[in-house]
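*Asks:*
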Amino acid sequence: MTAPWRLLVVSTPVGALGSGGGGGVELTLEGLVAGLIGRGHRLTVLAAEGSRLSRACASARLWTVAGVDQPSWQHQGRDAPVQIPAAGLLPALWRQVQAHQGEFDAVLNLAYDWLPFWLTPLLPTPLFHLVSMGSVATVMDEVIEAVASSDQRRLAFHTRAQAGDFRLPAPPLVVGNGFDLSAYSFQARPAAEPLLGWAGRIAPEKGLEDAAAVAARLGERLLVWGVREDPAYAAAVEASVPPGTIDWRGFLPTQALQAELGRCRLLLNTPKWNEAFGNVVVEAMACGVPVVAYARGGPGELIVPGVTGLLVPADDVEALTLAARGSAALERSACRRWVERHASREAFAERIETWIRDGLRPA
Ligand code: UDP
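So the number in the numbering used here is just where the residue sits in the sequence shown, counting from 1, plus 21.
(1) Given this structure, state the Cα-to-Cα distance separating ALA177 from THR33, to the nearest angstrom.
(2) Check whether the Cβ atoms of GLN208 and GLY283 sit closer than 7 Å, and answer yes or no.
(3) Within the chosen definition, does the stretch 110-120 reach the stretch 256-275 through at least 3 CB pairs nearer than 8 Å?
(4) Should ARG317 go down as buried or exposed, given a rule of 16 or more other Cβ atoms within 10 Å for buried?
(5) When you measure from the CB of VAL157 to every non-hydrogen atom of the ligand UDP, does any distance come out below 6 Å?
(6) Look at the alpha carbon of GLY309 and the alpha carbon of ARG357, and state the distance between them as a whole number of angstroms.
(7) Taking 7 Å as the threshold (beta carbon to beta carbon), is LEU289 in contact with chain B?
(8) So, for GLY61: in the same chain, excluding its five sequence neighbours on each side, which residues have a beta-carbon less than 6 Å away from its beta-carbon?
(9) Output the residue ranges of the beta strand (DSSP E) runs that lie fully inside the stretch 193-228 and measure 3 residues or longer, sorted by chain position.
(10) Name all residues in chain order for which at least one heavy atom of the ligand UDP lies closer than 6 Å to the residue's CB.
(11) List the whole-angstrom C-beta distance separating LEU148 from THR141, where the pair is believed to meet the contact cut-off of C-beta under 8 Å.
(12) Kindly confirm or deny that the stretch 239-251 and the stretch 267-285 touch, where touching means at least three C-beta pairs closer than 8 Å.
(13) Out of ASP162, TRP84 and LEU129, point me to the one whose CA is closest to ALA385's CA.
(14) Among the candidates GLU374, ARG353, ASP379 and ASP231, whose CA atom is the shortest distance from the CA of GLU339?
(15) Using alpha carbons as the reference points, say which of ARG249, ASP201 and ARG372 lies closest to GLU226.
(16) Go ahead and pull the three-state DSSP assignment for PRO252.
(17) At the level of alpha carbons, what is the spacing between GLY347 and ALA158?
(18) Taking only runs of the beta strand (DSSP E) that begin and end inside the stretch 107-147, which ones reach a length of at least 3 residues, in chain order?
(19) Can you name, in chain order, every residue of its own chain whose Cβ lies under 6 Å from the Cβ of LEU302, other than the five neighbours on each side?
(20) Going by beta carbon distance, what residues of the same chain come within less than 8 Å of PRO190, once the five residues before and after it are set aside?
(21) Excluding the five sequence neighbours on either side, which residues of its own chain have a C-beta within less than 6 Å of the C-beta of LEU151, listed in chain order?
(22) As a quick exercise: from LEU288, PRO106 and ALA68, pick the residue whose alpha carbon is nearest that of LEU229.
(23) Compare the Cα-Cα distances from GLY36 to each of ILE165, ILE58 and SER93 and report the closest residue.
(24) Which same chain residues end up closer than 8 Å to SER365 when comparing Cβ atoms and leaving out the 5 residues on each side of it in sequence?
(25) Grab me the residues of ALA220's own chain with a C-beta within less than 6 Å of its C-beta, minus the 5 sequence neighbours each way, in chain order.
(26) How about ILE373 and LEU50: are their beta carbons less than 7 Å apart?
(27) When the Cα of LEU341 is compared with those of LEU216, GLY88, LEU143 and ALA236, which residue comes out closest?
(28) Can you list, in chain order, the residues of its chain with a C-beta nearer than 7 Å to that of ASP134? Leave out the 5 residues immediately preceding and following it.
(29) On the DSSP letters alone, give me the boundaries of the beta strand (DSSP E) that ALA316 sits inside.
(30) Between ALA314 and ARG76, what straight-line distance do the alpha-carbon atoms span, to the nearest angstrom?
(31) Using a threshold of 7 Å, state whether the C-beta atoms of LEU38 and THR65 are closer than that.
(32) What do you reckon, are the CB atoms on CYS285 and GLY240 nearer than 7 Å?
Pasting the structure below:
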């Protein structure tokens with residue numbers, strides 16, 4: 022099939038685009054949609070009511086539907102069953118897909134939910150999934166692995182570490198992620214006051230407490246950006262360090278986030294789970310900020326130790342503190358260069374296009 026394709030991109034049923042509730046999926050969707058528009062395709066985005074698309078995606082058609090948010094999988098037990106709330110957004114989104122799928126060449130799902138994966142063999146239009154998390158629940162592993170067994174070309178992953186969580190019949194397709202580099206200003210020098218940064222949803226799987234402990238030990242201020250998904254957890258982290266250690270900056274749109282982030286001497290990234298990618302790691306590097314992270318999940322693949330950051334054994338706060346103290350040799354320009362080479366929106370869109378083209382060929 023030749024371009025332009027008519028593509029339907031289905032967003033997460035956790036939060037409207039622009040709210041931050043969808044975590045990294047929101048920015049991934051932006052990069053993917055803008056990148057595919059740039060390659061000449063015709064895009065429709067289906068998302069929660071209240072969603073907004075950035076200017077880069079202005080030529081995409083936006084369809085929204087109302088419904089109750091889906092509980093996110095990362096906050097449920099490994100053996101939890103599939104749950105769908107009454108008047109749920111997830112079935113409302115997929116009812117819309119079912120009604121309109123005949124108008125598209127392919128449907129691209131970005132939601133990590135059981136229903137879309139399960140629907141894969143039933144939808145007449147080819148349905149592709151960009152898997153946004155590693156393994157968090159048995160029932161999700163089962164449904165993702167079932168898609169892989171029937172036609173693995175329908176699946177793509179952000180990193181090898183993430184894909185490694187699943188039993189796949191063939192090596193995974195790893196597409197990374199893509200960022201609009203013009204949205205991030207390179208800041209050659211950090212602020213005069215030594216500042217540490219941390220960004221992400223404020224939730225236990227993100228491990229903010231370890232970054233706060235490092236900031237307290239070094240006596241440096243930790244700027245924290247992100248949606249307060251778990252307020253009790255946020256309060257407990259704040260209470261674990263001397264007052265003033267954490268500077269809560271709130272959830273900021275990309276433009277404001279990158280301006281503040283670029284002032285930091287380092288970003289700390291401390292996932293407690295197998296982080297699928299780690300958008301904030303790349304966003305920091307795009308501003309010229311090196312990253313000290315746990316060698317776990319996506320960040321373990323995104324950081325070139327000694328060049329763009331440092332990796333320490335997961336959950337080792339002592340090692341994290343030492344690395345954060347001795348990071349002066351890292352070059353800010355090397356960080357930006359890495360993002361330009363490996364994580365541009367254009368290169369990402371090309372990888373996505375290749376994935377879909379291969380998947381649309383007869384098996
Ligand atoms: N983010 C943001 N503003 C903030 C803090 C975070 O827009 O103030 C975004 C950030 O750009 C990133 C996302 O939140 O795209 C977090 O994604 P990440 O992949 O780091 O983790 P996830 O939430 O998907 O687990």
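All C-beta atoms, glycine included, are put in the ideal place defined by N, C-alpha and C. These numbers were taken from a predicted model, which means no experiment stands behind them.
*Replies:* Let me spell this out:
(1) Straight-line Cα distance between these residues: approximately 16 Å.
(2) Yes, they are a contact pair.
(3) With a cut-off of 8 Å on Cβ pairs, the stretch 110-120 is not in contact with the stretch 256-275, counting fewer than three such pairs.
(4) Looking at its Cβ environment, which holds 16 or more other Cβ atoms inside 10 Å, ARG317 is buried.
(5) Every heavy atom of the ligand UDP is 6 Å or more from the Cβ of VAL157, so no.
(6) Approximately 5 Å between the Cα atoms of the pair.
(7) Any reference to chain B falls outside this structure, which holds one protein chain only.
(8) Within the same chain, GLY61 has close Cβ partners ALA24 and PRO25.
(9) The stretch 193-228 contains these whole beta strand (DSSP E) runs: 216-220.
(10) Those residues that bring their Cβ nearer than 6 Å to a heavy atom of the ligand UDP are GLY41, GLY44, GLY45, LEU48, ALA220, GLY221, ARG222, TRP246, GLY247, PHE272, LEU273, THR275, LEU278, PHE298, GLY299, ASN300, VAL301 and GLU304.
(11) The C-beta separation of LEU148 from THR141 comes to about 5 Å, placing the pair in contact by the 8 Å criterion.
(12) Yes, the stretch 239-251 is in contact with the stretch 267-285.
(13) Outside the displayed span of the chain (22 to 384) sits residue 385, for which this structure offers no information.
(14) Residue nearest to GLU339 within the set GLU374, ARG353, ASP379 and ASP231 is ASP231 (criterion: CA-CA distance).
(15) Just measuring C-alpha positions, the residue of ARG249, ASP201 and ARG372 sitting nearest GLU226 is ARG249.
(16) The answer is helix: DSSP assigns PRO252 an H, G or I state.
(17) If I take the Cα positions, the gap works out to 38 Å.
(18) Qualifying beta strand (DSSP E) stretches, in chain order: 127-130.
(19) The residue asked about is misnamed: residue 302 is Val in this sequence, not Leu. ASN290, VAL312, PRO320 and LEU323, listed in sequence order.
(20) Within the same chain, and ignoring the five residues on either side of PRO190 in sequence, the residues whose Cβ sits closer than 8 Å to its Cβ are ALA169, SER170 and GLN173.
(21) When the five nearest sequence neighbours on each side are left out, the beta carbons in the same chain lying within less than 6 Å of the beta carbon of LEU151 are those of LEU131 and ALA177, in order along the chain.
(22) For the options LEU288, PRO106 and ALA68, the alpha carbon positioned closest to that of LEU229 is the one of LEU288.
(23) When only C-alpha atoms are compared, the closest one is SER93.
(24) Apart from the 5 residues on each side of it in sequence, SER365 sits with its Cβ closer than 8 Å to the Cβ of GLY199, PHE200 and LEU202 in its chain, given in chain order.
(25) Apart from the 5 residues on each side of it in sequence, ALA220 sits with its Cβ closer than 6 Å to the Cβ of TRP246, GLY247 and VAL301 in its chain, given in chain order.
(26) Not in contact: ILE373 and LEU50 (Cβ atoms no closer than 7 Å).
(27) Selected option, being the one with the closest Cα: ALA236.
(28) Taken in chain order, the residues that qualify are PRO34, GLN91 and LEU111.
(29) First-last for ALA316: undefined, no H or E at that position.
(30) Using only the alpha carbons, I get a separation of about 32 Å.
(31) When the beta-carbon positions are compared, LEU38 and THR65 stay at least 7 Å from each other.
(32) No, these two residues do not count as a Cβ contact at 7 Å.
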